[in-house]
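Trainee:
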Amino acid sequence: MSDQPAHRADLRIDVAALRRNVGILAERARRSGARTMVVVKSDGYGHGAATVARAALAAGATDLGVASIDEGRQLRAAGITAPILAWLYAHDEDFAPAVAADLELSASSVAQLRAIAAAAAAQGRMVPVHLKIDTGLSRSGCPEELWPELVAAAAKAQADGDVEVAAVWSHLASADEPGDPSIDRQAARLRRAHEQARAVGLTPIRHLANSAAALTRPDLHFELIRPGIAAYGLDPVPQHGDHGLRPAMTFRSSVTMVKRIAAGESVSYGRTWTADRPVTLALVPVGYADGVPRRLSGALEVWLAGRRRPVVGRVCMDQIVVRCDDDEVREGDEVVLFGPGERGEPTAAEWADELGTIHYEVVSGMFRPRVTRTAVDEDPR
Ligand SMILES: Cc1ncc(COP(=O)(O)O)c(C=O)c1O
12 MSDQPAHRAD LRIDVAALRR NVGILAERAR RSGARTMVVV KSDGYGHGAA TVARAALAAG
72 ATDLGVASID EGRQLRAAGI TAPILAWLYA HDEDFAPAVA ADLELSASSV AQLRAIAAAA
132 AAQGRMVPVH LKIDTGLSRS GCPEELWPEL VAAAAKAQAD GDVEVAAVWS HLASADEPGD
192 PSIDRQAARL RRAHEQARAV GLTPIRHLAN SAAALTRPDL HFELIRPGIA AYGLDPVPQH
252 GDHGLRPAMT FRSSVTMVKR IAAGESVSYG RTWTADRPVT LALVPVGYAD GVPRRLSGAL
312 EVWLAGRRRP VVGRVCMDQI VVRCDDDEVR EGDEVVLFGP GERGEPTAAE WADELGTIHY
372 EVVSGMFRPR VTRTAVDEDP R
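According to our numbering, the residues represented by the sequence shown are 12 to 392, in order.
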């Protein structure tokens, strides 16, 4: 990967991989007669929301999903005109900017619905609203017992011309455990909620499937799927077979100094690693402030000069030290901390396993003040 000059700490975003991943998901949705909303919240899971949005729309996605209204407005400011759904608000959220930005809005309560309708009426606009039912995740979403009141209020707001009830939707708790009985239970609750909405004269679509359900449960695609992580090439259900996804984020740096140390010399704070023979070391200028977890000290490997090599001693705030034995390593050589794994480099999923977390957390936390992010399109259209 010598397509760029040496970087101190850079996230390389593979735009062609984003397109390919979304293409795989959109094709599965199409086979079910469903549309595809790609979730680009939290700055596109750390990949850059506008970059991901453009790639997703080019690859067959029709809609975008974000958590906050600000995230949706930032996409509009970047020139994205596709439908954008926002679903998570402050308790006293002002919906006027969302209405002005032509966002679609989720409503989990009568109070939210009324606030949205009032903002729409004030601007003389009609806002597409997605009514969210809590089918078992117990986060946002309307409790089942309050649902009849919410659909009745929504029918009235629609009759008044302030909102259009576009969808009834929910979110799965355990889609990444295919076969878990909660999945069918949640789907049944969504179907029931949808029937109740239809009974008061509404004609919304339904959406439920995150990446894991999009990949494993075509019967739950309904009219729209809502994948996030799979678009980034990270598989939430690797136990379910190879879905052909390719991780789009590579975290890389380059060697800033090479030196030999003698047997008996130690490396980094606390002298936790001591050379038992003379070795070549490569100093790499990334550390825990750049997203390399200090907790990986002693377990971290990087790809450098043609193969994986161990990081020795503690991960520091700004630097790590790589053991290169007697191999020839040069200042400026590329160092890959994680990537798609195709050359044998570590992956974000390996980091997550080592850290006892999920790859979602790894990639979404990588973009930091000293880290650059470079979108590369090796197959421009
Ligand atoms: C409401 C909602 N829908 C869909 C997604 C996408 O989920 P995933 O990244 O597992 O595909 C998320 C992300 O957590 C979400 O919060």
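Cβ coordinates follow ideal geometry from the N, Cα and C atoms, glycine included.
Note that this is a predicted model, so its numbers are computed, not measured.
1. With a Cβ-Cβ cutoff of 8 Å, do residue 91 and residue 384 count as a contact?
2. From the DSSP output, read off the bridge partner residues of residue 320.
3. Contact defined as beta carbons within less than 8 Å: I believe residue 53 pairs with residue 375. What is the distance between those atoms, to the nearest angstrom?
4. Taking the alpha helix (DSSP H) that residue 82 belongs to, which residues open and close that run?
5. Once the 5 residues before and after residue 388 are set aside, which same chain residues still bring their CB inside 7 Å of it?
6. Within 7 Å: the Cβ of residue 24 and any heavy atom of ligand 1?
7. Using DSSP with H/G/I as helix, E/B as strand and the rest coil, what is residue 200?
8. Among residues of its own chain, excluding the 5 on either side of residue 13, which ones have a beta-carbon nearer than 8 Å to its beta-carbon?
9. If distances are taken between C-alpha atoms only, which option among 100, 186 and 133 comes closest to residue 123?
10. Are the beta-carbon atoms of residue 183 and residue 224 separated by less than 8 Å?
11. Among 377, 187, 128 and 292, which one has its Cα closest to the Cα of residue 174?
12. Check whether the region 238 to 257 touches the region 202 to 216, counting contact only when three or more Cβ pairs, one atom from each stretch, lie closer than 8 Å.
13. When burial is assigned at 16 or more other CB atoms within 10 Å of the CB, is residue 156 buried or exposed?
14. What residue from 246, 228 and 140 has the CA that sits closest to residue 43's CA?
15. Strictly closer than 5 Å from CB to any heavy atom of ligand 1: give me those residues in the order they appear in the chain.
16. Check this for me: beta carbons of residue 33 and residue 89, under 8 Å apart or not?
17. Beta carbon of residue 319, beta carbon of residue 366: below 8 Å?
18. Which of helix, strand or coil does DSSP assign to residue 139?
19. Counting pairs of beta carbons, one from the region 158 to 167 and one from the region 100 to 113, are three or more of them closer than 8 Å?
20. Per the DSSP calculation, residue 153 is bridged to which residue(s)?
21. At what residue ranges does the region 171 to 241 contain a whole run of the beta strand (DSSP E), taking only runs of 3 or more?
22. Give the single residue among 362, 343 and 206 whose Cα lies nearest to the Cα of residue 265.
23. Let's see if you can read the secondary structure: which residues bound the beta strand (DSSP E) around residue 25?
24. Under three-state DSSP, which class holds residue 29?
25. Looking only at C-alpha atoms, which of 158, 208 and 230 sits nearest to residue 189?
26. Going by beta carbon distance, what residues of the same chain come within less than 6 Å of residue 293, once the five residues before and after it are set aside?
27. Which residue's Cα is closest to the Cα of residue 112: 152, 171 and 94?
Mentor: For this structure:
1. Residue 384 is positioned such that its CB atom lies no closer than 8 Å to that of residue 91.
2. Beta-bridge annotation (DSSP): residue 320 is paired with 313.
3. The distance from the Cβ of residue 53 to that of residue 375 is about 5 Å, consistent with a contact at the 8 Å cut-off.
4. Residues 80 to 88.
5. In its chain, beyond the 5 residues on either side, 26 and 27 have a beta carbon closer than 7 Å to the beta carbon of residue 388.
6. No; taking the cut-off as 7 Å, the Cβ of residue 24 has no heavy atom of ligand 1 nearer than that.
7. Looking at residue 200 - three-state DSSP - the assignment turns out to be helix.
8. Confidence at residue 13 is low in this model, with a pLDDT of 45, below 50, so its placement is unreliable and the value that follows should be read with caution. Excluding residues up to 5 positions away in sequence, 345 lie with their Cβ nearer than 8 Å to the Cβ of residue 13 in the same chain.
9. Of the candidates 100, 186 and 133, the one whose C-alpha sits nearest the C-alpha of residue 123 is 100.
10. Judged by their CB atoms, residue 183 and residue 224 are nearer to each other than the 8 Å cut-off.
11. Selection 377, 187, 128 and 292 evaluated against residue 174 yields 128 as nearest (Cα-Cα).
12. Too few Cβ pairs lie closer than 8 Å, so no.
13. That one is exposed.
14. When each option's Cα is compared against that of residue 43, the closest is 228.
15. Checking every Cβ against the heavy atoms of ligand 1 under 5 Å gives 50, 182, 221, 222, 237, 238, 239 and 240.
16. In this structure, the beta-carbon distance from residue 33 to residue 89 does not fall below 8 Å.
17. Remark: C-beta atoms of residue 319 and residue 366 do not approach each other more closely than 8 Å.
18. Residue 139: strand per DSSP, three-state reduction.
19. Verdict: no, contact absent.
20. Partner(s): 144.
21. Runs of the beta strand (DSSP E) spanning 3 or more residues and lying entirely within the region 171 to 241 occur at 174 to 180 and 216 to 218, in chain order.
22. Here the closest residue by C-alpha is 343.
23. Looking at the DSSP string, the run of the beta strand (DSSP E) that includes residue 25 is 21 to 25.
24. DSSP places residue 29 in helix when its eight states are reduced to three.
25. Considering only alpha carbons, the answer is 230.
26. Residues of the same chain with a CB within less than 6 Å of the CB of residue 293, apart from the 5 flanking positions on each side, are 266, 269, 333, 335 and 340 in chain order.
27. The candidate whose alpha carbon is nearest that of residue 112 is 94.
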